[in-house]
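Asks: Residue numbers (the numbering used here): 23 to 113. Yeah, the Cβ is synthetic: ideal placement off N, Cα and C, and Gly gets one too. All values derive from a computational prediction rather than experimental measurement. Before we start, here is the structure in question, set down as structure tokens.
What follows is the structure in structure tokens.
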């Protein structure tokens, strides 16, 4: 009797491994890719201390420029006139 043919059909008598087929390689690959994305995403979250310092410095510089612009003569006069017109609206 042939050990490979014991009276059952091929799909009933042999496992995929016996046919040389790996079980669930696609699922393992998908899990591996997903896990790599999760690890990569968590590795670069947030800012370091140096990045905080540069970001704070940039925000302060922007605030200083904006303050100078808003307190300059022409812009201050324009803002004053806009506020005056908004407050003098008749009901």
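Pick helix, strand or coil for residue 103, following the three-state DSSP scheme.
Replies: Here residue 103 corresponds to residue number 81 of the chain shown, with the count starting at 1. In this structure, residue 103 counts as helix in the three-state DSSP scheme.
Asks: Are the CB atoms of residue 88 and residue 97 within a distance shorter than 7 angstroms?
Replies: Here residue 97 refers to the residue found at position 75 of the chain shown. Here residue 88 refers to the residue found at position 66 of the chain shown. Cβ distance not < 7 angstroms, so residue 97 and residue 88 don't count as in contact.
Asks: Looking at the structure shown, is residue 111 part of a helix, part of a strand, or coil, going by DSSP?
Replies: What you label residue 111 is simply residue 89 of the chain shown in a count that begins at 1. Coil at residue 111, not helix or strand.
Asks: By Cβ distance, which residues of its chain are closer than 7 angstroms to residue 17, with the 5 residues on each side in sequence left out?
Replies: No answer is possible for residue 17: the residues shown for the chain start at 23 and end at 113.
Asks: Could you tell me the distance, in whole angstroms, from the CA atom of residue 63 to the CA atom of residue 102?
Replies: Walking along the chain shown from the start, residue 63 turns up at place 41. Walking along the chain shown from the start, residue 102 turns up at place 80. Their Cα atoms are separated by approximately 49 angstroms.
Asks: Quick one: Cα of residue 57 to Cα of residue 71, how far?
Replies: Here the question's residue 57 lines up with position 35 in the chain shown. Here the question's residue 71 lines up with position 49 in the chain shown. Approximately 28 angstroms between the Cα atoms of the pair.
Asks: Can you list, in chain order, the residues of its chain whose CB lies under 7 angstroms from that of residue 111, leaving out five sequence neighbours each side?
Replies: For the purposes of this step, residue 111 is identified with residue 89 of the chain shown, where counting begins at 1. Hits under 7 angstroms: none found.
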